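J.: Attaching a single structure in structure tokens format; questions to follow.
In full-length UniProt numbering, the protein residues as written are 1 to 180.
In structure tokens form, the structure reads like this:
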């Protein structure tokens, strides 16, 4: 069997943390290989997004897009605009250090007594008839009859002037083409 870069001990630790106490070594090795493959797959997809954006630094958004493409539930709490800070702790002399994510301390009193955010308005749709059988109903959404009559008079007089002007020019052109 091929050895994995991902240590099987880590798989056992995660299994114990979720309540699986007796995990066979061979199962841990196979799971470690699968974890390594899945991480490689996510990074490979994320690098496609990075290259497409013509960047040389892999970002959190690249990983999020890769997870979406692979139909994996996104990671909540990691944003591209907030850098991730790691802390280091030495447990015992001679042991490797333990790295962890540094989180801000949150006081429950402040969270409990903070005002609630505003509730967003519900999405709503409304419809109305612009015209029913060629007649425009008098409702607030439609322009009033007086507005339309004034604008239609302006439009009709303008179009009448243009038609007369263009009609004369057009008839002259037709006459010249036909008889000359």
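We treat Cβ as the ideally placed atom computed from N, Cα and C, and that holds for glycine. Since the structure is predicted, the reported quantities are computational estimates derived from the model, not experimental observations.
So what's residue 36 in DSSP terms, helix, strand or just coil?
T.: In the structure shown, residue 36 sits in a helix (DSSP, three-state: H, G or I).
J.: Which of the three DSSP states, helix, strand or coil, is assigned to residue 88?
T.: Three-state DSSP puts residue 88 in a strand.
J.: Grouping DSSP H, G and I as helix and E and B as strand, with all else coil, what is residue 101?
T.: If DSSP states are grouped into helix, strand and coil, residue 101 belongs with the strands.
J.: Do residue 63 and residue 46 count as a contact pair if the criterion is CB distance below 8 Å?
T.: Yes.
J.: In the DSSP assignment, find the alpha helix (DSSP H) that holds residue 139 and state where it starts and stops.
T.: That residue, residue 139, is in no alpha helix (DSSP H); it is neither H nor E in DSSP.
J.: Taking DSSP as the reference, what is the three-state secondary structure of residue 132?
T.: Of the three classes helix, strand and coil, the one that applies to residue 132 here is strand, per DSSP.
J.: Between residue 70 and the rest of its own chain, which residues show a CB-CB distance below 8 Å, the 5 nearest in sequence each way excluded?
T.: Hits under 8 Å: 41, 42, 45.
J.: Nearest-angstrom Cα distance between residue 91 and residue 75?
T.: Approximately 28 Å, taken between the alpha carbons.
J.: Spatial neighbours of residue 15 within its chain, please: C-beta separation below 7 Å, excluding the five flanking residues on both sides.
T.: Correct list, in chain order: 23.
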